[in-house]
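In the working numbering, the protein residues as written are 168 to 442.
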């Protein structure tokens with residue numbers, strides 16, 4: 168736990184998947200604007216990143232609590248929110264961001280090792296979709312949402328196209344989108360906003376772990392061709408926009424899937440027909 172000057176008066180951001188990548192970038196950004204303390208949940212895979220994030224939050228004048236756990240179960244959600252309540256008190260969470268991943272890739276009808284068995288399907292849906300509901304339920308049950316709280320899931324463009332062995336990811340993200348819409352209806356009358364932010368591939372430690380340097384170079388080159396801006400998006404791009412969504416200016420967004428892909432899919436047909 169780390170303290171910053173004036174941090175006790177701040178509201179809090181609850182961020183699942185806070186120790187690296189997009190979650191860490193969002194945690195640091197919202198500490199600066201709109202000025203939130205951070206309760207971050209992480210699995211412990213990037214311990215050095217978590218320590219560095221705590222330092223950056225402290226430097227920005229905020230307070231951080233990083234809680235290590237697998238956030239995908241209802242039990243973890245209940246325990247995590249109880250721990251947060253002890254630190255922050257009731258009605259203190261201004262922003263909730265679901266940034267955890269743990270999907271299986273493969274094929275539904277494969278006869279090989281990449282077959283998507285029931286255990287992989289359940290695990291992916293728990294992590295990528297159901298856990299959003301678990302944590303929202305726990306936040307509401309413990310009266311943790313601050314007035315006009317913002318709840319945000321993260322999405323990718325796989326719902327618009329087909330990419331080899333990612334069918335389970337696409338399906339779980341489709342479920343997450345439905346959860347966002349229905350929770351927006353249930354929480355809207357209470358003054359809260361629930362949205363889904365869709366963005367393209369960004370460079371993260373997890374991505375670097377999966378792909379070789381050569382494959383990453385090809386990935387970046389492909390995105391430079393696809394994106395009108397001529398480059399891949401960054402976690403900082405996403406984090407800066409989340410600070411906008413956390414502000415009063417974005418208060419009319421609700422139940423929305425917000426396209427923040429930078430036009431990533433606009434040229435796909437052109438690239439296929441005119442390579």
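Just so it is clear, CB atoms sit at the ideal spot from N, CA and C, and this is done for glycine as well.
Of the listed residues the options, nearest to residue i (C-alpha basis)
i           : options            : result
residue 326 : 390, 367, 197      : 367
residue 310 : 286, 339, 261, 349 : 261
residue 341 : 375, 292, 217      : 292
residue 393 : 275, 436, 345      : 436
residue 188 : 369, 306, 300, 201 : 369
residue 198 : 184, 220, 214      : 220
residue 434 : 408, 402, 390      : 390
residue 264 : 396, 413, 308, 357 : 413
Beta-carbon proximity check, residue i vs residue j, cutoff 8 Å
i           : j           : result
residue 161 : residue 207 : Summary: the structure shown does not reach residue 161, with the chain confined to residues 168 through 442, and so no result is reported for it.
residue 241 : residue 301 : yes
residue 236 : residue 373 : no
residue 204 : residue 223 : no
residue 315 : residue 247 : no
residue 363 : residue 322 : yes
residue 351 : residue 421 : yes
residue 274 : residue 287 : no
residue 276 : residue 181 : no
residue 318 : residue 272 : no
residue 328 : residue 432 : yes
Collapsed DSSP secondary structure at residue i in the structure displayed
i           : result
residue 318 : strand
residue 266 : coil
residue 299 : helix
residue 401 : coil
residue 365 : strand
residue 355 : helix
residue 333 : coil
residue 170 : In this predicted model, residue 170 has a pLDDT of only 49, less than 50, meaning its place in the structure is not dependable enough to derive any value.
residue 185 : coil
residue 190 : helix
Cα-Cα separation between residue i and residue j, rounded to whole angstroms
i           : j           : result
residue 336 : residue 254 : 34 Å
residue 239 : residue 410 : 25 Å
residue 231 : residue 243 : 19 Å
residue 427 : residue 266 : 15 Å
residue 201 : residue 382 : 37 Å
residue 297 : residue 398 : 33 Å
residue 295 : residue 214 : 22 Å
Cβ-heavy atom distance, residue i to the ligand PLP, below 7 Å
i           : result
residue 414 : The ligand PLP is absent from the structure shown, which contains no ligand whatsoever.
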